[in-house]
Amino acid sequence: MRRLPVADPGRPVDRSAARYLCWLVRRSRLTTAAAVGLAVTWMGFQAMVPAIVGQAIDAAAQRRGTALLGWGLILLFVGVAHALAGIARHRFAVANWLGASFRTVQVTVRHANLLGATLPRRLDAGEVVAIGTSDLTHIGGAIDIAARSLGGLIAIVTVTVLLLHVSVPLGLVVLLGVPVLLLVAGALIRPLHRQQEAYRRQQGRLTGNAADLVAGLHVIRGVGGEQAMADRYATESRALRDAGVRTARVEALLEAAQVLLPGIFLVLVTWLGARFALQQRITVGEMVSFYAYAAFLVAPMRQLTEAIDKLTRGHVSAQRVVTMLGVRTDLPDPAAPVPLPRGELADPESRVVIAAGRLTAIAAADPVDAARVADRLGRYADGATLDGLPLAAAALSEVRRRILVVENEARLFSGRLRSDLDPAGDGALPEALEAAAATEIVEALPAGVQTRVAERGRSFSGGQQQRLRLARALLADPEIMILVEPTNAVDPHTEELIAERLRAARAGRTTVICTSSPLVLNRTDHVFYLEQGRVVASGTHHDLLVAEPRYAAMVSRGDLP
Amino acid sequence: MNRPLPVAGTAQVRRYARDLYRGHARMFQAAVGLHLLAACTGLAGPRLLGELVQGIQDGARIAELDRLALAIAGFVLVQAVLIRFAHVASARLGERVLARLRERFIARVLSLPLGTVEAAGTGDLLTRTTRDVDALSKCVRFAVPETMIALITTVLIVVALLVLDPLLAAPLLVGVPLTVAGTRWYLRRAPKGYLRQNAAYSEVTDGLSETVEGARTVEALGRQGQRAGRTDADLRRSWIAERYTLHLRTVWWPVLEVSYVLPLVITLLAGGWLYLRGAVTLGQTAAAVLYVQQLIDPLDRLLNWLDELQVGAASLARLLGVAADPPAGRTPAREPENDRIELRDVRFGYVAGREVLHGIDLTLEPGERIAVVGLSGAGKSTLGCLLAGLHRPTSGSITVGGVPLGELSPDRLRAHVALVSQEHHVFAGTLRENVAMVRPAAPDPEIRAALAAVHALDWVDGWPAGLDTPVGAGGRLLTPAQAQQVALARLILADPHTLVLDEATVLLDPRSARDLERSLAAVVRGRTVVAIAHRLFSAHDADRVAVVEDGRIVELGSHDELVAKNGAYAALWHSWQGEDQKERAPQDAPFP
Numbered sequence: 004m005r006r007l008p009v010a011d012p013g014r015p016v017d018r019s020a021a022r023y024l025c026w027l028v029r030r031s032r033l034t035t036a037a038a039v040g041l042a043v044t045w046m047g048f049q050a051m052v053p054a055i056v057g058q059a060i061d062a063a064a065q066r067r068g069t070a071l072l073g074w075g076l077i078l079l080f081v082g083v084a085h086a087l088a089g090i091a092r093h094r095f096a097v098a099n100w101l102g103a104s105f106r107t108v109q110v111t112v113r114h115a116n117l118l119g120a121t122l123p124r125r126l127d128a129g130e131v132v133a134i135g136t137s138d139l140t141h142i143g144g145a146i147d148i149a150a151r152s153l154g155g156l157i158a159i160v161t162v163t164v165l166l167l168h169v170s171v172p173l174g175l176v177v178l179l180g181v182p183v184l185l186l187v188a189g190a191l192i193r194p195l196h197r198q199q200e201a202y203r204r205q206q207g208r209l210t211g212n213a214a215d216l217v218a219g220l221h222v223i224r225g226v227g228g229e230q231a232m233a234d235r236y237a238t239e240s241r242a243l244r245d246a247g248v249r250t251a252r253v254e255a256l257l258e259a260a261q262v263l264l265p266g267i268f269l270v271l272v273t274w275l276g277a278r279f280a281l282q283q284r285i286t287v288g289e290m291v292s293f294y295a296y297a298a299f300l301v302a303p304m305r306q307l308t309e310a311i312d313k314l315t316r317g318h319v320s321a322q323r324v325v326t327m328l329g330v331r332t333d334l335p336d337p338a339a340p341v342p343l344p345r346g347e348l349a350d351p352e353s354r355v356v357i358a359a360g361r362l363t364a365i366a367a368a369d370p371v372d373a374a375r376v377a378d379r380l381g382r383y384a385d386g387a388t389l390d391g392l393p394l395a396a397a398a399l400s401e402v403r404r405r406i407l408v409v410e411n412e413a414r415l416f417s418g419r420l421r422s423d424l425d426p427a428g429d430g431a432l433p434e435a436l437e438a439a440a441a442t443e444i445v446e447a448l449p450a451g452v453q454t455r456v457a458e459r460g461r462s463f464s465g466g467q468q469q470r471l472r473l474a475r476a477l478l479a480d481p482e483i484m485i486l487v488e489p490t491n492a493v494d495p496h497t498e499e500l501i502a503e504r505l506r507a508a509r510a511g512r513t514t515v516i517c518t519s520s521p522l523v524l525n526r527t528d529h530v531f532y533l534e535q536g537r538v539v540a541s542g543t544h545h546d547l548l549v550a551e552p553r554y555a556a557m558v559s560r561g562d563l564p
Numbered sequence: 004m005n006r007p008l009p010v011a012g013t014a015q016v017r018r019y020a021r022d023l024y025r026g027h028a029r030m031f032q033a034a035v036g037l038h039l040l041a042a043c044t045g046l047a048g049p050r051l052l053g054e055l056v057q058g059i060q061d062g063a064r065i066a067e068l069d070r071l072a073l074a075i076a077g078f079v080l081v082q083a084v085l086i087r088f089a090h091v092a093s094a095r096l097g098e099r100v101l102a103r104l105r106e107r108f109i110a111r112v113l114s115l116p117l118g119t120v121e122a123a124g125t126g127d128l129l130t131r132t133t134r135d136v137d138a139l140s141k142c143v144r145f146a147v148p149e150t151m152i153a154l155i156t157t158v159l160i161v162v163a164l165l166v167l168d169p170l171l172a173a174p175l176l177v178g179v180p181l182t183v184a185g186t187r188w189y190l191r192r193a194p195k196g197y198l199r200q201n202a203a204y205s206e207v208t209d210g211l212s213e214t215v216e217g218a219r220t221v222e223a224l225g226r227q228g229q230r231a232g233r234t235d236a237d238l239r240r241s242w243i244a245e246r247y248t249l250h251l252r253t254v255w256w257p258v259l260e261v262s263y264v265l266p267l268v269i270t271l272l273a274g275g276w277l278y279l280r281g282a283v284t285l286g287q288t289a290a291a292v293l294y295v296q297q298l299i300d301p302l303d304r305l306l307n308w309l310d311e312l313q314v315g316a317a318s319l320a321r322l323l324g325v326a327a328d329p330p331a332g333r334t335p336a337r338e339p340e341n342d343r344i345e346l347r348d349v350r351f352g353y354v355a356g357r358e359v360l361h362g363i364d365l366t367l368e369p370g371e372r373i374a375v376v377g378l379s380g381a382g383k384s385t386l387g388c389l390l391a392g393l394h395r396p397t398s399g400s401i402t403v404g405g406v407p408l409g410e411l412s413p414d415r416l417r418a419h420v421a422l423v424s425q426e427h428h429v430f431a432g433t434l435r436e437n438v439a440m441v442r443p444a445a446p447d448p449e450i451r452a453a454l455a456a457v458h459a460l461d462w463v464d465g466w467p468a469g470l471d472t473p474v475g476a477g478g479r480l481l482t483p484a485q486a487q488q489v490a491l492a493r494l495i496l497a498d499p500h501t502l503v504l505d506e507a508t509v510l511l512d513p514r515s516a517r518d519l520e521r522s523l524a525a526v527v528r529g530r531t532v533v534a535i536a537h538r539l540f541s542a543h544d545a546d547r548v549a550v551v552e553d554g555r556i557v558e559l560g561s562h563d564e565l566v567a568k569n570g571a572y573a574a575l576w577h578s579w580q581g582e583d584q585k586e587r588a589p590q591d592a593p594f595p
């Protein structure tokens, strides 16, 4: 099997779901062609078995012992060849399956990277994540079945021709019978899907419910609610049970139909064959092989039904991928980006002006206002200027390189801690950890910075995550750093340490901190105090404490001077 | 260091299976009986077909053929009907058993000691509640009935062959050694291989989720290359795992197929030879060959479901390990004499040999407000958990009115003491359910009163659906501050006499926190309040302050006393007040 994933997944076609699927096929046309060829070979060997059995029985009936032995050995050879073709076919099927689903993950991740901050604004993250959890399987399945069912189709045609060759009326019965069977099975598949979909949704709800419960276990154990939670789970669980029985009812019909329809079809073919044999229009051996052919056709026919089903699902999933790939960034680069100058970073709307190379604080009566200013200053929204030039006039990548906004929603990524903090591996890691008061966190880890971080950094407490996030930002060492409430989850002693060390670590660089903590404010060069999203006062922390009673009330929470 | 949750042993699983059978004997017998009948009718086809062949050979009349064909059609029809009922019957049984088991499992999870969960890691429990429940469900819904049908069919076909002629059944034995050897080889390797494959796949989806959900962070830090690299590395691991299981199948499948083909060839040759010798009829030979061919499908299904069954059995053992774990023994508790909580020489460690609290003595007088302060990691939150009965002390005692907390059932315990921590989880459901989970029968006015007490009623009433608004995952997202208000509203509705507030207002903006604490104080007047805080506002207002340092209470007294004492608390207070900034950061000096 070819090494996967490929280094470069290529540029996907995102005009329509069907075209996307075709693109995937084209990307792995060699293995697809091999899968089709092997599917035909495999089916071919399988189709030979009834003919050989028929010939052998004829030989026995005619008392030709050597011919019987000959046909027996041929059967053995074909059986082994069938087994080998089968496994080769399976290997290519897996390669196609993996190729398509891996490529889909790759293009999804690359496009998510391209969208960046646009993604949460324009797409439901859950929908995109569903690409990884379910669409992947459906797309892989569609590509795989497309190749295999093509083989099945070829087998059906071949057998029909063979049958027509032996007996035209019998051949016609098979030729007309197959589509009828397909149609009836197809009619049952749609309601089955509806039920299965309902079941899957309910199962998702139940799983979500259970995960929710485990995530909140600490809360439940603190204040109670076990009974309410158990009852709620039981309600969902019973709904799932009922959905399961409803699905089973439709499945049962389909199962019954899958026995009844080919069965009746078989009887018809055999009965006609027997009559012809009795009239000596065909031999007994031919009659047995007719039966066997009709039985053989059931498999490729089922595969065709499966193909219709899987292609439909694959199409729906590809639609979701294409929708995601079709979204474009909502902060596009200007046609002719200008290089960003250096200078004062200003937000005209709030009247905040950040002097280069200084440590500035934004203290807002409502912290949401400060976060909005940070969004504009970092160009997650338009409005801010650098040295008078709108940030929107420059290339976004340059803005991102020069200005870093660090917010508490920013997550730690799983994997080794070192590779998240300092991916390039060239930063001053110990210094950054020290400045973020995070040295002791790392020292407590079993393998220090080489320790693997759990998904979303869940194994760290809120305060620890905050400090590690700060260390990561310090290592990125941007020209302008904007920190949103960087210390609201740590104790005052640590907060003080951070405020002190951050000042030293960022000396000479531009730093903005959105905070209302007096411990931090008191170590900044300049403070803007915002009400209703506008600067109402500015100066040093101490100036403001004296001159602005509302500011003093905010930082001391109302009762201290 | 991790102490995984228990896994049920073979005996335990067997006992469960036995109880299960006893509890559902009727349904079980009905399902098996129907499948058996269906399989029996399925066997008539080849037999009658053999007669058909014989009939042609003997030059039977057309009417005879028609009768035989009609009989085959009749059997097919009956088989189809039986299959329909058998399928529904086994699904009904399977769904019921699954629902019971998972409900029992969850009920047990809810009563697990928190220490057990934390020692195992939430990941273990989460895997069991989600993946194992799903894996078992898949196994019970598909693997179990399919295997059962396949087994019944296989047995019946073998019986039919024996009835036809024992001599013609003998060639079946040729395939057995090959099948057994190949399958044993495969099953020894498969479960681990598939588990690794699934784990690798989860890594891929987790990595994708991280990239998608953290898209803004990726952009901010310019980590696009790193994320793409991580995805490719995950995919590579997934590919390696897939390649391994593919290798297993590459060996096993051809072995199986050859083991099917050998008996077929030998039956054909032996049947032909026996016919030539006049030992059997041509019809018998044809029927035998068709039976052997018919055997391939159920046998193949049976063998191919085996690994799925193994996975299901492993999941079952993990679920039963928790579900059957006996609840922590509770002696029939005495009634606490009063509301006083006393800690005597309490020691505690999450992990044996690593003590976090070293001998805490503390008495909470009913109605007093006590603030617990100290640096991060000093053991404040652990102390809070012990006070609320979430953990049991390793040694020493915690009693309420003379009765150890551990002797009280969770319900009764929480009539005495409850805790709200900085972990503010919003459960998926309506806002009403979120608040009323502690007292599901609470009437709306009480819920509203609880929300009003934490200043949340304004924003709740601002929502069109009010209390009925869905919140949590999939619903309206609450801000951290709102989530914390909801947590406090729960506490008020739960109405215990002692409240432990662990950083319960830290996420609110300072002014709201201040307001909320005041209104909370009014609501809980007369109750004992333990406020754990790293910000010292609450300490200032408390009756007593306990300073925790390195797992010990180093100072205990009122704010004024402790400030006057000029010890650890005074130092914390001063630094919080920022009174010493002059030495540390000269005011208007430019950057150093």
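Residue numbers (the working numbering), protein chains in the order written: chain A, 4 to 564; chain B, 4 to 595. Note that the Cβ used here is the ideal one computed from N, Cα and C, for glycine as well.
Quick one: what's got a C-beta closer than 8 Å to A170 (chain B)'s C-beta in the same chain, skipping five residues either side? Working through the second sequence from its first residue, we reach residue 170 (chain B) at position 167. According to the sequence provided, residue 170 (chain B) is Leu. The question's Ala does not apply to it. Same-chain partners within the cutoff: A273, L277, A282, V283.
Compare the C-beta of A50 (chain A) with all C-beta atoms of chain B and state if any pair is closer than 8 Å. Locating residue 50 (chain A) in the first sequence gives position 47, counting from the first residue. So, not an interface residue.
Looking only at its own chain, which residues have a Cβ that is under 8 Å from the Cβ of P194 (chain A), when we skip the five neighbours before and after it? Mapped onto the first sequence, residue 194 (chain A) falls at position 191. Cβ within range, chain order: V253.
Cross-strand partners of E130 (chain A) (DSSP beta bridge): Position 127 of the first sequence, counted from the start, is the residue given in the question as residue 130 (chain A). DSSP, once it has assigned bridges, lists no residue as partnering E130 (chain A).
Scan the segment 463-490 of chain A and note each continuous beta strand (DSSP E) run of 3 residues or more that stays entirely inside, going in chain order. 483-487
How would you label R403 (chain A), buried or exposed, when you count the other beta carbons within 10 angstroms and need 16 or more for buried? As a working mapping, residue 403 (chain A) is identified with position 400 in the first sequence. By the 10 Å Cβ count, R403 (chain A) comes out buried.
Tell me whether the beta-carbon of L319 (chain B) lies closer than 8 Å to the beta-carbon of Q57 (chain B). The residue given as residue 319 (chain B) occupies position 316 in the second sequence. The residue given as residue 57 (chain B) occupies position 54 in the second sequence. Cβ atoms of L319 (chain B) and Q57 (chain B): not closer than 8 Å.
Leaving aside the five residues before and after D280 (chain A) along the sequence, list all residues of the same chain whose C-beta is less than 6 Å from its C-beta, in chain order. Mapped onto the first sequence, residue 280 (chain A) falls at position 277. The amino acid occupying residue 280 (chain A) in the given sequence is Ala; Asp does not appear at that position. If we look at A280 (chain A) and ignore the five residues flanking it on each side, its Cβ neighbours are V287, M290.
Does the beta carbon of W308 (chain B) sit closer than 8 Å to a beta carbon anywhere in chain A? As a first step, residue 308 (chain B) must be located in the second sequence, where it is residue number 305. W308 (chain B) does not count as touching chain A.
Can you give the Cα-Cα distance for L275 (chain A) and I267 (chain A), rounded to whole angstroms? Walking along the first sequence from the start, residue 275 (chain A) turns up at place 272. Walking along the first sequence from the start, residue 267 (chain A) turns up at place 264. Taking the straight line from one Cα to the other gives about 12 Å.
Thinking L128 (chain B) and V120 (chain B) are a contact (beta carbons under 8 Å), I'd like their distance in whole angstroms, please. Here the question's residue 128 (chain B) lines up with position 125 in the second sequence. Here the question's residue 120 (chain B) lines up with position 117 in the second sequence. Going by Cβ atoms, the distance from L128 (chain B) to V120 (chain B) rounds to 6 Å, so yes, they are a contact pair.
Residue from B:A41, B:I373, B:G362, B:V261 whose Cα sits closest to the Cα of S398 (chain B): By one-based count along the second sequence, residue 398 (chain B) stands at place 395. Measuring from the Cα of S398 (chain B), the nearest candidate turns out to be B:G362.
Should A364 (chain A) and M557 (chain A) be called a contact, given that it needs their Cβ atoms to be closer than 8 Å? On the first sequence, residue 364 (chain A) is found 361 positions in, with the first residue counted as 1. On the first sequence, residue 557 (chain A) is found 554 positions in, with the first residue counted as 1. Against a cut-off of 8 Å, the Cβ pair of M557 (chain A) and A364 (chain A) comes out as no contact.
Reduced DSSP secondary structure (H/G/I, E/B, other) of P589 (chain B): Sequence index remark: in the second sequence, residue 589 (chain B) carries index 586 (1-based). With a pLDDT of 34 at P589 (chain B), under the threshold of 50, the modelled position of that residue is not reliable, and the figure given next carries that caveat. Note: P589 (chain B) maps to coil in three-state DSSP.
Report yes or no: is there a C-beta of chain B within less than 8 Å of the C-beta of I483 (chain A)? Residue numbering aside, residue 483 (chain A) sits at position 480 when the first sequence is read from its first letter. It does not: the Cβ of I483 (chain A) has no partner Cβ on chain B nearer than 8 Å.
Is the CB-CB distance between Q313 (chain B) and P194 (chain B) below 8 Å? Taking the first residue of the second sequence as position 1, residue 313 (chain B) is located at position 310. Taking the first residue of the second sequence as position 1, residue 194 (chain B) is located at position 191. Going by C-beta atoms, Q313 (chain B) is nearer than 8 Å to P194 (chain B).
Given a threshold of 16 other Cβ atoms within 10 Å of its Cβ, counted over all protein chains shown, does R29 (chain B) qualify as buried or as exposed? Translated into the one-based positions of the second sequence, residue 29 (chain B) becomes position 26. R29 (chain B) should be labelled exposed.
Is it buried or exposed, Y294 (chain A), if we count other Cβ atoms within 10 angstroms and call 16 or more buried? By one-based count along the first sequence, residue 294 (chain A) stands at place 291. Burial call: buried.
Take L365 (chain B) as the anchor and find which of B:S379, B:G356, B:E358, B:R350 has the nearest alpha-carbon. Locating residue 365 (chain B) in the second sequence gives position 362, where the first residue counts as 1. Ranking B:S379, B:G356, B:E358, B:R350 by Cα distance to L365 (chain B) puts B:R350 first.
Return the chain-ordered list of same chain residues with a C-beta closer than 7 Å to the C-beta of A20 (chain A), the five sequence neighbours on each side being excluded. The count along the first sequence starts at 1 and reaches residue 20 (chain A) at position 17. Here the set comprises H318, A321, Q322, V325.
Nearest CA to the CA of L184 (chain A): which residue from A:A260, A:S422, A:H221, A:P489? Position 181 of the first sequence, counted from the start, is the residue given in the question as residue 184 (chain A). Among A:A260, A:S422, A:H221, A:P489, the Cα nearest to that of L184 (chain A) belongs to A:A260.
CB contact check: P337 (chain A) to chain B, cutoff 8 Å: For this step, residue 337 (chain A) is matched to residue 334 along the first sequence. It does not: the Cβ of P337 (chain A) has no partner Cβ on chain B nearer than 8 Å.
According to the Cβ coordinates, are V527 (chain B) and G382 (chain B) closer than 8 Å? Mapped onto the second sequence, residue 527 (chain B) falls at position 524. Mapped onto the second sequence, residue 382 (chain B) falls at position 379. Against a cut-off of 8 Å, the Cβ pair of G382 (chain B) and V527 (chain B) comes out as no contact.
Reduced DSSP secondary structure (H/G/I, E/B, other) of D17 (chain A): The residue you call residue 17 (chain A) lines up with position 14 of the first sequence. If DSSP states are grouped into helix, strand and coil, D17 (chain A) belongs with coil.
Using three-state DSSP, classify R526 (chain A) as helix, strand or coil. Indexing the first sequence from 1 puts residue 526 (chain A) at position 523. Looking at R526 (chain A) - three-state DSSP - the assignment turns out to be coil, as it is neither helix nor strand.
How should E412 (chain A) be labelled, buried or exposed, when 16 other C-beta atoms within 10 angstroms of its C-beta is the threshold for buried? Here residue 412 (chain A) refers to the residue found at position 409 when the first sequence is read from its first residue. Classification for E412 (chain A): exposed.
Quick one: any contact between the segment 23-32 of chain A and the segment 138-147 of chain A, if contact means 3 or more CB pairs under 8 Å? yes
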